[in-house]
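K.L.:
Protein chains in written order, with the numbering used here: chain A, 228 to 674; chain B, 447 to 654. The beta-carbon is built from N, C-alpha and C at its ideal position, and this holds for glycine as well. In this text the structure is predicted, and so the values were computed from the model without any measurement. Structure below; questions to follow.
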Amino acid sequence: MPTGATIAPGPQARPALVLALALALLATPSVFAQSARSLGMGGVRVPAPAAADVNPAFAALPRTGGASVTLPIGLLSLATGDYWNPNAQGFDALSALDQGSHLGQYLLNPAVSPDGVTFGVDASGLTIAFSGGSPMRLAAPTAFDAGFDLPLGGRVGAVTFGVRPFTTVHARFTPGPDLEAVFGSGSTSASGTLTADAVAGLAVDVGAALPLPLPPHAMGGATLYVGARASGIAGLARASASFQGQARAQQDSSGAYTDVTYSYDGTVSVGGITNGGLGYGALGAAGLAVTVPAGGGTVTAGIAVRHIGVMIWNLHQTRYQGDQNGGTSTDVGTVRSVEVAQHVHVAGNLALSLGEGHLGVPGMGLTLAADGDLDLSGGFATHAGAEVRFGPTALRAGAGYQDGLRLGVGAGVRAGGVGIDAALSSHRSPFTDHRAYGVSASLAFGF
Amino acid sequence: MRAPDITRSRAYDPRLLVLLPALALALAGCSRHTALTVRADLVPFMSVGETQLNSAPIAPGTSYLDWPFSGSHLTNPGHSVDLTTLGAPSSALTDITAFSLTFAAQVTPSVPLAAGTATLYLAPSSASDVHAYPAVTVDTPPVAAGQTATVSITADDATDASALPYLRSGSFLVGAEVEVNASGSGTARVTLTHLLVTVSLPPGWGLP
Chain A
228 MPTGATIAPG
238 PQARPALVLA
248 LALALLATPS
258 VFAQSARSLG
268 MGGVRVPAPA
278 AADVNPAFAA
288 LPRTGGASVT
298 LPIGLLSLAT
308 GDYWNPNAQG
318 FDALSALDQG
328 SHLGQYLLNP
338 AVSPDGVTFG
348 VDASGLTIAF
358 SGGSPMRLAA
368 PTAFDAGFDL
378 PLGGRVGAVT
388 FGVRPFTTVH
398 ARFTPGPDLE
408 AVFGSGSTSA
418 SGTLTADAVA
428 GLAVDVGAAL
438 PLPLPPHAMG
448 GATLYVGARA
458 SGIAGLARAS
468 ASFQGQARAQ
478 QDSSGAYTDV
488 TYSYDGTVSV
498 GGITNGGLGY
508 GALGAAGLAV
518 TVPAGGGTVT
528 AGIAVRHIGV
538 MIWNLHQTRY
548 QGDQNGGTST
558 DVGTVRSVEV
568 AQHVHVAGNL
578 ALSLGEGHLG
588 VPGMGLTLAA
598 DGDLDLSGGF
608 ATHAGAEVRF
618 GPTALRAGAG
628 YQDGLRLGVG
638 AGVRAGGVGI
648 DAALSSHRSP
658 FTDHRAYGVS
668 ASLAFGF
Chain B
447 MRAPDITRSR
457 AYDPRLLVLL
467 PALALALAGC
477 SRHTALTVRA
487 DLVPFMSVGE
497 TQLNSAPIAP
507 GTSYLDWPFS
517 GSHLTNPGHS
527 VDLTTLGAPS
537 SALTDITAFS
547 LTFAAQVTPS
557 VPLAAGTATL
567 YLAPSSASDV
577 HAYPAVTVDT
587 PPVAAGQTAT
597 VSITADDATD
607 ASALPYLRSG
617 SFLVGAEVEV
627 NASGSGTARV
637 TLTHLLVTVS
647 LPPGWGLP
């Protein structure tokens, strides 16, 4: 599941929702897969049991670093700002979207809507220009992904189990090649595709991860781990839409516009447990990991594939078609959809961890890590980062690409069985080329 | 030169706007500090017959070249402009804070023209003759026979605040009249080159 969260409550629901969410987050480890440690290392996921959501084999790795709780300090920003009050002078929907999809971070400079939008219509066609605010990014494919899941469970021996309420939102806007000109010199045509999908459901996870016995001294003392996880999914609610559209200004031989034609075609599908639209299915994940002693430390590598499976939905579908002469909506009725292997991810992780005493500096340890995640339905992310430890303290830095360049620096300290990590990280804000910086913090314990 | 096609009178209809990336634009509009400007040149949406007049007669003394080309300067019904087709949110039009309207035409006479004046008219959509609603008058230079002069007139909320209610209603009439003084009889070729309408909406235009 994507990490982060997005919520859109009304003003009346805000205090209760914020409190409930905060309590839930504080009570549950690893709600946000990206801890402050990870964000401080550029977003990289270091192979460890806490990263079992990426690779189920990691659940069997030796436990290091303990568990962590990412503090939802983004809620502080949401609770104290003007994000949910359209009547407030500072209300900015783009800022709200940015902060709301990064609840693990207190954004120092969330994206800001432009000060002005200018629509232009002239002989060159349509133009749109923004002034002030964050630079908008609309001429290139734009995606917005957010999600929230709440894993509740544990591990007994090699078996992991749990339940996991979740919500996900995926939205994609793909402009046609002519639409780019609308934001530049102008265009007499425009086209684009917009898809959006929001799901809420409950997953029941059962998995197993264990080290495979290898002959002594095989592969230089390597240990192989295998893991698999199966998730039964109950889809409680879903709303999805897919629209394609195009428009063109018809011109005569003198260049004068003679007519403007447009057409669109799309469907909106909705369903939920309250109207018989329950979805169900199963998703699986499998992974391998290997640890190899090297240079007094350990190299850990893993590869996994996840989100393999099928989901079946019964959704009420309405089709919308239209052109310049008018539009129609057709009640298609309940449509049973069988969706196989949507959003399958293939992920690879690599880390070198050197303990104290192996770097020639007393008390110094080092972890270098890199990862890559390929979404077979479109999308790729990669990160690399380093952590240097000096006794109870750690310094971190890293960079990555995940819908734009990401940077991170961070630090942590451990004492008396508890610890705290903090990070300053950046990301590209949704629908913009704006670089937002956020502060995040995690509590660590049990190490 | 194409012959004027006065039979093809068609309202501009820039419905291209329907496919703008609505989500992002809504985000921009759903902010208290984002203002909106709609700027449209209506000429590309007019037929040749609406923009060109090949042979307006000119007599010794004062003659009048009207746009729209009604054939007589005594009545000018005006050209109807509907702002809602230009992408301006209809619910926000009542909040228009500023406007600008520029009329630009080229005049090519067959006989010399002395200096004259040009007037731009803005009228409510219910008016039967825009002549009763002058917005701004400018001087025009002398023009030699066969030469082309550009006449440009701009009215805005500063020069004609009385027109703001017309624009806020969403539709209005626009017309122009060029007063020329010729020494003899001849013709003038008139071509409308720009009719640029700009309206500004205050910050928060996308919010209820």
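Roughly how far, in whole angstroms, is the beta-carbon of B/T565 from the beta-carbon of B/E496, given that I think they are within contact range, below 8 Å?
P.N.:
Not a contact, Cβ separation roughly 19 Å.
K.L.:
Just list the residues that DSSP pairs A/I539 with in beta bridges.
P.N.:
Looking at the DSSP assignment, A/I539 forms a beta bridge with A/Y507 and A/V565.
K.L.:
Please classify A/L421: does DSSP put it in a helix, a strand, or coil?
P.N.:
The answer is strand: DSSP assigns A/L421 an E or B state.
K.L.:
Would B/A486 pass as an interface residue toward chain A - the criterion being a Cβ-Cβ separation below 8 Å?
P.N.:
At least one chain A Cβ lies under 8 Å of B/A486.
K.L.:
For the segment 469 to 476 of chain A against the segment 489 to 502 of chain A, are there 3 or more C-beta pairs whose distance is under 8 Å?
P.N.:
In short, these stretches touch, since the Cβ pair count reaches three.
K.L.:
Should B/S629 be labelled buried (16 or more other beta-carbon atoms within 10 Å of its own) or exposed?
P.N.:
Exposed, by the Cβ-count rule.
K.L.:
What residues from chain B crowd round A/I350, counting only those whose CB sits closer than 9 Å?
P.N.:
Inspection of the sequence shows that residue 350 of chain A is occupied by Ala rather than by Ile. Chain B residues near A/A350: D487, V489 and P490.
K.L.:
Evaluate contact between the segment 401 to 408 of chain A and the segment 435 to 442 of chain A, counting only Cβ atoms and requiring at least three cross-stretch pairs below 8 Å.
P.N.:
The segment 401 to 408 of chain A vs the segment 435 to 442 of chain A: no contact.
K.L.:
Which residues in chain B have a C-beta closer than 7 Å to the C-beta of A/T345? List them in chain order.
P.N.:
What A/T345 touches in chain B: T483 and R485.
K.L.:
Between A/G413, A/T369, A/A613 and A/L586, which lies nearest to A/A597 when the distance is taken from Cα to Cα?
P.N.:
Considering only alpha carbons, the answer is A/A613.
K.L.:
Cβ of B/L638 less than 8 Å from any chain C Cβ?
P.N.:
Although the question refers to chain C, the structure presented lacks it and instead comprises the protein chains A and B.
K.L.:
Whole beta strand (DSSP E) runs in the segment 607 to 649 of chain A with 3 or more residues, listed along the chain?
P.N.:
Counting whole runs of 3 or more residues, the segment 607 to 649 of chain A contains the beta strand (DSSP E) stretches 607 to 617, 620 to 629 and 632 to 642.
K.L.:
Okay, do the segment 288 to 303 of chain A and the segment 617 to 636 of chain A touch, 3+ Cβ pairs below 8 Å being the bar?
P.N.:
Counting Cβ pairs under 8 Å, fewer than three are found: no touch.
K.L.:
Are A/P274 and A/N576 touching if we call contact CB-CB under 8 Å?
P.N.:
Yes, Cβ-Cβ distance for A/P274 and A/N576 is below 8 Å.
K.L.:
Locate the beta strand (DSSP E) running through B/E625, then write down its first and last residues.
P.N.:
That run of the beta strand (DSSP E) goes S617 to A628.
K.L.:
Below 8 Å on the Cβ atoms is my guess for A/P368 versus A/F400; work out the distance and round it to an integer in Å.
P.N.:
The pair is a contact, with the Cβ atoms about 7 Å apart (cut-off 8 Å).
K.L.:
Within its chain, find whatever has a CB closer than 6 Å to the CB of B/G592; leave out the 5 residues flanking it on each side and keep chain order.
P.N.:
Hits under 6 Å: none found.
K.L.:
Taking only three categories from DSSP, how would you classify B/H525?
P.N.:
The answer is strand: DSSP assigns B/H525 an E or B state.
K.L.:
Anything in chain A within Cβ reach of B/T480, meaning under 7 Å, just list it in chain order.
P.N.:
In chain order: S340, P341, D342, G343 and V344.
K.L.:
With respect to the alpha helix (DSSP H) encompassing A/Y664, which residues constitute its N-terminal and C-terminal limits?
P.N.:
A/Y664 -> not in any alpha helix (DSSP H); beta strand (DSSP E) instead, spanning R662 to F672.
K.L.:
Taking C-alpha atoms, which residue in A/L266, A/S265, A/G327 and A/P283 lies nearest to A/A516?
P.N.:
Of the candidates A/L266, A/S265, A/G327 and A/P283, the one whose C-alpha sits nearest the C-alpha of A/A516 is A/P283.
K.L.:
Using the beta-carbon count (16 or more within 10 Å), is A/F259 buried or exposed?
P.N.:
At A/F259 the pLDDT is 43, less than 50, meaning the model places this residue with poor confidence; the figure from the coordinates comes in the next sentence. Classification of A/F259: buried, given that the 10 Å Cβ count is 16 or more.
K.L.:
Counting only C-beta atoms, is B/S477 closer than 8 Å to chain A at any point?
P.N.:
Yes, contact with chain A.
K.L.:
At a CB-CB cut-off below 7 Å, which residues of chain A make contact with B/L653?
P.N.:
Those within 7 Å of B/L653 in chain A are P313.
K.L.:
Pairs of beta-carbons, one from the segment 442 to 451 of chain A and one from the segment 378 to 387 of chain A, closer than 8 Å: are there three or more?
P.N.:
Short answer: they don't touch.
K.L.:
Taking the straight line between their C-alpha atoms, what separation do you get for B/P523 and B/L568?
P.N.:
For B/P523 and B/L568, the distance between alpha carbons rounds to 11 Å.
K.L.:
The alpha helix (DSSP H) with A/S322 in it runs from where to where?
P.N.:
A/S322 -> alpha helix (DSSP H) spans A320 to G327.
K.L.:
Might you give, ordered along the chain, the residues of its own chain that have their beta carbon closer than 6 Å to the beta carbon of B/L499, omitting 5 neighbours on each side?
P.N.:
Excluding positions up to five away in sequence, the list reads F515 and V636.
K.L.:
Can you tell me the Cα-Cα spacing of B/A538 and A/G347, whole angstroms?
P.N.:
Straight-line Cα distance between these residues: approximately 18 Å.
K.L.:
Quick one: is A/I234 buried, meaning 16 or more other Cβ sit within 10 Å of its Cβ, or exposed?
P.N.:
Caution applies to A/I234, whose pLDDT of 27 falls short of 50 and renders its modelled position unreliable; the value that the coordinates give is listed next. Buried, by the Cβ-count rule.
K.L.:
Looking at B/S617 and B/A481, is the spacing between their C-beta atoms short of 8 Å?
P.N.:
It is not a contact, given that the beta carbons lie outside the stated cut-off.
K.L.:
Does any residue of chain B have a CB that is nearer than 8 Å to the CB of A/L334?
P.N.:
With 8 Å as the cut-off, A/L334 does not count as an interface residue toward chain B.
K.L.:
Using a Cβ-Cβ cut-off of 8 Å (strictly less than) and excluding sequence neighbours within five positions of B/P648, which residues of its own chain qualify?
P.N.:
So the list reads A481, D541 and T543, once near-sequence residues are dropped.
K.L.:
Taking only the alpha-carbon atoms, compute the straight-line gap between A/G646 and A/G267 and give it to the nearest angstrom.
P.N.:
Distance between the alpha carbons of A/G646 and A/G267: 15 Å.
K.L.:
Taking its Cβ as the centre, do 16 or more other Cβ atoms sit within 10 Å of B/L619, making it buried, or is it exposed?
P.N.:
B/L619 comes out buried.
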